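Following UniProt numbering, the numbering of the sequence shown begins with 1 at its first residue and continues without gaps. For glycine and all other residues, C-beta sits at the position ideal for the given N, C-alpha and C. Keep in mind the model is a prediction, meaning the values are calculated, not measured. Working notes, beginning with the structure itself.
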Amino acid sequence: MSYPYQIRTADQYKTAYEKSVNDPEGFWSEIASSFLWRKKWDKVLEWDFKKPTIKWFAGGKLNITENCIDRHLDTLGNKPAIIWEPNDPEEHHRVLTYRELYTKVCQFANVLKNNGVKKGDRVCIYMGMVPELAIAVLACARIGAIHSVVFGGFSAQSIADRLQDAKAEFVITCDGAFRGNKEIPLKSVIDDALVQCSFVKRVIVLTRTRTPVSMIKGRDVWWEDEIKRVETQGNPECVAEEMDAEDMLFILYTSGSTGKPKGVVHTVGGYMVYTNYSFVNVFQYQPGDVYFCTADIGWITGHSYIVYGPLSAGGTSLMFEGIPTWPDAGRFWQIVDKYKVNILYTAPTAIRSLMGFGLDPLKDRSLDSLKVLGTVGEPINEEAWHWYDEHIGKKKCPIVDTWWQTETGGILISNLAGVTPAKPAHATLPLPGVQPVLVDENGKEITGNSVSGNLCIKFPWPGMLRTTYGDHERCRQNYFATYENLYFTGDGCLRDEAGNYRITGRVDDVLNVSGHRIGTAEVENAINMHAGVVESAVVGYPHDIKGQGIYAFVIYQGAHGDDASLARKDITQTVSRIIGAIAKPDKIQFVSGLPKTRSGKIMRRILRKIAEGELDKLGDTSTLLDPAVVEEIAKGKL
Ligand code: 6R9
Numbered sequence: 001m002s003y004p005y006q007i008r009t010a011d012q013y014k015t016a017y018e019k020s021v022n023d024p025e026g027f028w029s030e031i032a033s034s035f036l037w038r039k040k041w042d043k044v045l046e047w048d049f050k051k052p053t054i055k056w057f058a059g060g061k062l063n064i065t066e067n068c069i070d071r072h073l074d075t076l077g078n079k080p081a082i083i084w085e086p087n088d089p090e091e092h093h094r095v096l097t098y099r100e101l102y103t104k105v106c107q108f109a110n111v112l113k114n115n116g117v118k119k120g121d122r123v124c125i126y127m128g129m130v131p132e133l134a135i136a137v138l139a140c141a142r143i144g145a146i147h148s149v150v151f152g153g154f155s156a157q158s159i160a161d162r163l164q165d166a167k168a169e170f171v172i173t174c175d176g177a178f179r180g181n182k183e184i185p186l187k188s189v190i191d192d193a194l195v196q197c198s199f200v201k202r203v204i205v206l207t208r209t210r211t212p213v214s215m216i217k218g219r220d221v222w223w224e225d226e227i228k229r230v231e232t233q234g235n236p237e238c239v240a241e242e243m244d245a246e247d248m249l250f251i252l253y254t255s256g257s258t259g260k261p262k263g264v265v266h267t268v269g270g271y272m273v274y275t276n277y278s279f280v281n282v283f284q285y286q287p288g289d290v291y292f293c294t295a296d297i298g299w300i301t302g303h304s305y306i307v308y309g310p311l312s313a314g315g316t317s318l319m320f321e322g323i324p325t326w327p328d329a330g331r332f333w334q335i336v337d338k339y340k341v342n343i344l345y346t347a348p349t350a351i352r353s354l355m356g357f358g359l360d361p362l363k364d365r366s367l368d369s370l371k372v373l374g375t376v377g378e379p380i381n382e383e384a385w386h387w388y389d390e391h392i393g394k395k396k397c398p399i400v401d402t403w404w405q406t407e408t409g410g411i412l413i414s415n416l417a418g419v420t421p422a423k424p425a426h427a428t429l430p431l432p433g434v435q436p437v438l439v440d441e442n443g444k445e446i447t448g449n450s451v452s453g454n455l456c457i458k459f460p461w462p463g464m465l466r467t468t469y470g471d472h473e474r475c476r477q478n479y480f481a482t483y484e485n486l487y488f489t490g491d492g493c494l495r496d497e498a499g500n501y502r503i504t505g506r507v508d509d510v511l512n513v514s515g516h517r518i519g520t521a522e523v524e525n526a527i528n529m530h531a532g533v534v535e536s537a538v539v540g541y542p543h544d545i546k547g548q549g550i551y552a553f554v555i556y557q558g559a560h561g562d563d564a565s566l567a568r569k570d571i572t573q574t575v576s577r578i579i580g581a582i583a584k585p586d587k588i589q590f591v592s593g594l595p596k597t598r599s600g601k602i603m604r605r606i607l608r609k610i611a612e613g614e615l616d617k618l619g620d621t622s623t624l625l626d627p628a629v630v631e632e633i634a635k636g637k638l
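So this is what it looks like as structure tokens:
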């Protein structure tokens with residue numbers, strides 16, 4: 001596999017960037033020509049951010065799995081596509097060559113067909129990090145079904161909400177998942193979700209943990225039995241469905257500033273081209289490299305940079321089932337040495353947590369194979385950046401700080417490893433095709449350098465979202481209505497004297513906890529579900545490892561009120577039930593009132609300052625309905 005569009009020098013970056021701005025259609029059409037299309041597109045780009053409509057490669061016909069698998073079979077058939085490292089280091093690892101991946105994806109695609117799944121149907125996938133998760137995703141794509149992967153940490157209620165929103169009639173899950181010393185009973189969570197979702201026709205269950213599960217007659221079937229059935233049918237192939245470039249590939253739910261998560265929609269053609277292009281350029285992937293992204297496929301990073309980007313490039317993608325700290329804090333480093341990983345892509349929160357264990361876990365680890373390091377998910381602080389650089393990269397591996405979002409489909413701002421310069425804590429420069437602008441509150445563009453503002457993108461790129469599932473107006477409102485003719489990211493940003501971008505964090509009510517996006521309104525809704533809660537307000541505060549922690553102020557009049565610790569646990573349980581453990585508040589402070597304006601709006605600014613411990617910077621509180629409440633809350637700060 002060669003990548004004619006791989007940028008190798010800073011000058012080439014400049015030239016590519018200029019071309020991408022001056023002639024975006026010519027630029028992307030050249031790149032897209034390297035892929036396998038059944039029919040070439042009629043038009044490279046049609047767009048209008050007002051509506052919004054965004055169409056890339058309209059009229060083009062293809063199947064993304066032919067690009068991720070079939071086209072590599074001749075040259076890379078015996079090369080590893082996926083290397084899988086199990087949670088338990090004592091268990092045997094697995095390697096799937098491109099040929100084996102092909103066979104398994106075809107088989108499972110036939111399983112889906114046997115079970116009534118058709119092009120355009122939504123399939124919810126709720127699995128642990130096993131190779132079958134990637135196989136299930138690709139099998140959906142092969143037959144044109146729309147996958148919607150839900151991260152294994154979400155609760156039954158969250159799954160039910162997503163199933164209902166996507167009107168998904170099919171679910172793929174596992175009996176359970178191993179994560180560190182825990183066993184997560186995935187099927188049982190699905191069973192709870194399905195109590196509210198009688199429209200689900202079929203659940204396909206893979207055996208992983210041998211956790212006892214209930215199997216409902218007529219609805220639930222075992223993955224293994226279904227594979228046997230396909231084998232006896234004797235047709236190992238599954239011809240890929242011909243898809244339009246703008247057909248939906250997947251829905252992925254993500255949190256925004258309102259209560260309900262949004263189903264971000266990506267389409268086949270543009271997403272494929274963009275994830276591949278960004279993968280090959282940012283990480284400078286070379287044929288034969290072993291690439292390890294530590295994300296979960298339940299998040300966008302796993303979609304774009306474990307599955308679609310690396311596989312479309314004929315790469316070797318290492319998938320890890322477990323967590324960085326089990327059985328000990330040296331697990332990542334053991335994996336790097338075991339498979340001679342060349343490129344490691346992880347999150348600042350993981351780096352910070354491993355830093356806390358000191359250098360002991362690195363003893364006897366060579367890490368010599370590493371060439372490129374990457375981070376994603378949240379701003380990386382300089383201390384973590386330098387630790388990563390010195391102790392993991394041994395100062396010889398460029399670090400790419402990649403800024404992007406579920407909505408952007410792929411990396412938009414990042415240095416290119418070893419090609420354009422890194423700067424600690426800066427994502428640095430936009431990828432070719434990406435035109436960032438900073439705007440002030442009124443939407444006026446802030447030009448020049450050494451400035452800050454809200455980050456927007458003024459021109460479409462192929463990987464961007466097309467809509468939010470079932471509610472296009474919501475997509476417009478959320479991303480295209482704040483500033484005219486701009487895509488608004490929700491992030492604040494600085495541009496330094498040399499034009500490098502530094503993303504400073506969300507400017508809306510979205511928290512970033514351990515790199516996971518969580519809406520404050522979502523957490524508040526969950527807390528308010530608890531019978532004893534009168535009202536609540538949730539804000540973020542700086543957390544050494546998680547980046548941000550969740551701080552909840554709660555007016556409480558319920559049971560266990562005489563036992564604050566038990567009442568807190570009750571509330572935490574409720575949040576776990578409603579959203580999932582990832583949204584559990586780190587701190588819950590009981591208060592008698594919340595600071596409100598005379599019109600009844602909660603003054604989050606003040607609560608944020610209290611949570612951050614900046615009690616001397618509360619600002620003007622005189623416009624509040626009851627200024628005394630602020631003093632009381634500040635006194636009780638946890
Ligand atoms: C890929 C992913 C998106 C939000 C985004 C921003 C934050 C991601 C970052 C970063 C600073 C980086 N973010 N990468 N902030 N530097 N390199 O994480 O998608 O889960 O949708 O989160 O994450 O705030 O808006 P998603």
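- Task: Express the C-alpha separation of T574 and A141 in angstroms, rounding to a whole number.
- Result: Against the sequence shown, residue 141 aligns to sequence position 141. Against the sequence shown, residue 574 aligns to sequence position 574. Looking at the two C-alpha atoms, the distance is approximately 36 Å.
Using the three-state DSSP reduction, which class does G490 fall into: helix, strand or coil? As a first step, residue 490 must be located in the sequence shown, where it is residue number 490. Strand.
_On the DSSP bridge list, what partners appear for N276?_
On the sequence shown, position 276 is the one that residue 276 refers to. DSSP output for N276 lists no bridge partner at all.
| query | Where do the ends of the alpha helix (DSSP H) carrying D570 lie? | reply | The residue you call residue 570 lines up with position 570 of the sequence shown. A564 to I578 is the extent of the alpha helix (DSSP H) around D570.
Between the region 342 to 359 and the region 109 to 120, do three or more beta carbon pairs fall short of 8 Å?
no
Which term fits H92, buried or exposed, when burial requires 16 or more other beta carbons within 10 angstroms of its beta carbon? For the purposes of this step, residue 92 is taken as the residue at position 92 of the sequence shown. Per the 10 Å Cβ criterion, exposed.
Using beta-carbon positions only, say whether V629 and I610 come within less than 9 Å of one another.
-> The residue you call residue 629 lines up with position 629 of the sequence shown. The residue you call residue 610 lines up with position 610 of the sequence shown. No, the pair does not count as a contact, with Cβ atoms beyond the cut-off.
*Leaving out five residues on either side along the sequence, give the residues of the same chain with a beta carbon under 6 Å from the beta carbon of Y17.*
To locate residue 17, count along the sequence shown from 1; it is residue 17. Correct list, in chain order: P432.
Checklist entry - Which residue's Cα is closest to the Cα of Q196: D368, Y305, S188 and A156? => result For the purposes of this step, residue 196 is identified with residue 196 of the sequence shown, where counting begins at 1. It is A156.
- request: With hydrogens ignored, establish whether the beta-carbon of T406 is closer than 8 Å to any heavy atom of ligand 1.
  value: Here the question's residue 406 lines up with position 406 in the sequence shown. Flag set: Cβ of T406 near ligand 1.
N22 - containing alpha helix (DSSP H), residue span | Sequence index remark: in the sequence shown, residue 22 carries index 22 (1-based). Taken as a continuous stretch (DSSP letters only), the alpha helix (DSSP H) holding N22 covers A10 to N22.
message = On the criterion of 16 or more Cβ atoms from any shown chain inside 10 Å, does G330 qualify as buried, or is it exposed?
response = Numbered from its first residue, the sequence shown carries residue 330 at position 330. It is buried - the Cβ of G330 has at least 16 other Cβ atoms within 10 Å.
Quick one: using the 10 Å Cβ neighbour count with 16 as the cut-off for buried, is Q557 buried or exposed? As a position in the sequence shown, residue 557 is number 557, starting the count at 1. Exposed.
Exercise. Leaving out five residues on either side along the sequence, give the residues of the same chain with a beta carbon under 7 Å from the beta carbon of W333.
Key: The sequence position of residue 333 within the sequence shown is 333, counting from 1. Result list for W333: P361, L362, R365 and L367, in chain order.
For F154, which residues from the same chain have a beta carbon less than 6 Å from its beta carbon, with the 5 sequence-adjacent residues on both sides left out?
Locating residue 154 in the sequence shown gives position 154, counting from the first residue. Excluding positions up to five away in sequence, the list reads G580.
Taking the alpha helix (DSSP H) that A139 belongs to, which residues open and close that run? The count along the sequence shown starts at 1 and reaches residue 139 at position 139. P131 to I143 is the span of the alpha helix (DSSP H), which, as asked, contains A139.
Exercise for the section: Whole angstroms is fine: what's the gap from A32's alpha carbon to G315's? Expected result: Walking along the sequence shown from the start, residue 32 turns up at place 32. Walking along the sequence shown from the start, residue 315 turns up at place 315. So the alpha carbons of these two residues sit roughly 18 Å apart.
Point to revise | Length of the line joining the Cα atoms of W385 and T447 | key: Here the question's residue 385 lines up with position 385 in the sequence shown. Here the question's residue 447 lines up with position 447 in the sequence shown. Rounded to whole angstroms, W385 to T447 spans 29 Å at the Cα level.
Report task. Would you tell me roughly how many angstroms separate the C-alpha atoms of I135 and T406, rounded to the nearest one? Result -> Here residue 135 refers to the residue found at position 135 when the sequence shown is read from its first residue. Here residue 406 refers to the residue found at position 406 when the sequence shown is read from its first residue. Each residue's Cα considered, the two are about 21 Å apart.
Check your understanding: So, is N449 buried or exposed, given that buried needs 16 or more other C-beta atoms within 10 angstroms?
Key -> For the purposes of this step, residue 449 is identified with residue 449 of the sequence shown, where counting begins at 1. So N449 ends up on the exposed side.
Q) Is R605 helix, strand or coil when you go by DSSP? A) Along the sequence shown, read from residue 1 onward, the residue named residue 605 stands at position 605. Of the three classes helix, strand and coil, the one that applies to R605 here is helix, per DSSP.
For D247, which of V230, T267 and V150 has the nearest alpha-carbon? Taking the first residue of the sequence shown as 1, we reach residue 247 at position 247. Here the closest residue by C-alpha is T267.
Next item on the list: Measure the Cβ-Cβ separation of S255 and V510 and say whether it is below 9 Å.
Entry: Counting from 1 along the sequence shown, the entry for residue 255 is found at position 255. Counting from 1 along the sequence shown, the entry for residue 510 is found at position 510. Yes. Within cutoff.
Expressed to the nearest angstrom, what Euclidean distance is found between the alpha-carbon atoms of R8 and A295?
-> The residue you call residue 8 lines up with position 8 of the sequence shown. The residue you call residue 295 lines up with position 295 of the sequence shown. Their Cα atoms are separated by approximately 27 Å.
- prompt: Would DSSP call T467 helix, strand or coil?
  reply: Start at 1 with the first residue of the sequence shown, and residue 467 comes out as number 467. Three-state DSSP puts T467 in a strand.
N-terminal and C-terminal residue of the alpha helix (DSSP H) that E224 is part of: Here residue 224 is taken as the residue at index 224 of the sequence shown, counted from 1. From DSSP, the alpha helix (DSSP H) with E224 extends over W223 to Q233.
Exposure label - A10; buried when at least 16 CB within 10 Å: Counted from its first residue, the sequence shown places residue 10 at position 10. The residue is exposed, with fewer than 16 neighbouring Cβ atoms inside 10 Å.
Checklist line | Where the alpha helix (DSSP H) through D337 begins and ends | finding: Here residue 337 corresponds to residue number 337 of the sequence shown, with the count starting at 1. D337 -> alpha helix (DSSP H) spans R331 to Y339.
Open item on the list: With a threshold of 8 Å, are at least 3 pairs of Cβ atoms found where one atom belongs to the region 79 to 95 and the other to the region 310 to 328?
Closed with: yes
Rounding to the nearest angstrom, what Cα-Cα distance links V105 and T468 in this structure? Within the sequence shown, the letter at position 105 stands for residue 105. Within the sequence shown, the letter at position 468 stands for residue 468. Each residue's Cα considered, the two are about 28 Å apart.
| message | 9 Å is my cut-off, CB to CB: does D42 come that close to chain C? | response | No chain C appears in the structure shown, which is made up of a single protein chain.
| For ligand 1, is there a heavy atom less than 8 Å away from the beta-carbon of P542? | Translated into positions along the sequence shown, residue 542 becomes position 542. No, Cβ of P542 sits at least 8 Å from all heavy atoms of ligand 1.
Taking 8 Å as the cut-off, does the region 266 to 280 touch the region 452 to 465 (at least 3 CB pairs, one atom from each stretch)?
yes
Can you tell me the Cα-Cα spacing of V400 and F279, whole angstroms?
Here residue 400 refers to the residue found at position 400 of the sequence shown. Here residue 279 refers to the residue found at position 279 of the sequence shown. Spanning the two alpha carbons is a distance of roughly 11 Å.
- Query: Would the beta-carbon of T489 be found less than 8 Å away from any heavy atom of ligand 1?
  - Reply: One-based indexing of the sequence shown puts residue 489 at position 489. Yes, Cβ of T489 sits closer than 8 Å to a heavy atom of ligand 1.
>> Using the three-state DSSP reduction, which class does V629 fall into: helix, strand or coil?
In response: Start at 1 with the first residue of the sequence shown, and residue 629 comes out as number 629. Note: V629 maps to helix in three-state DSSP.
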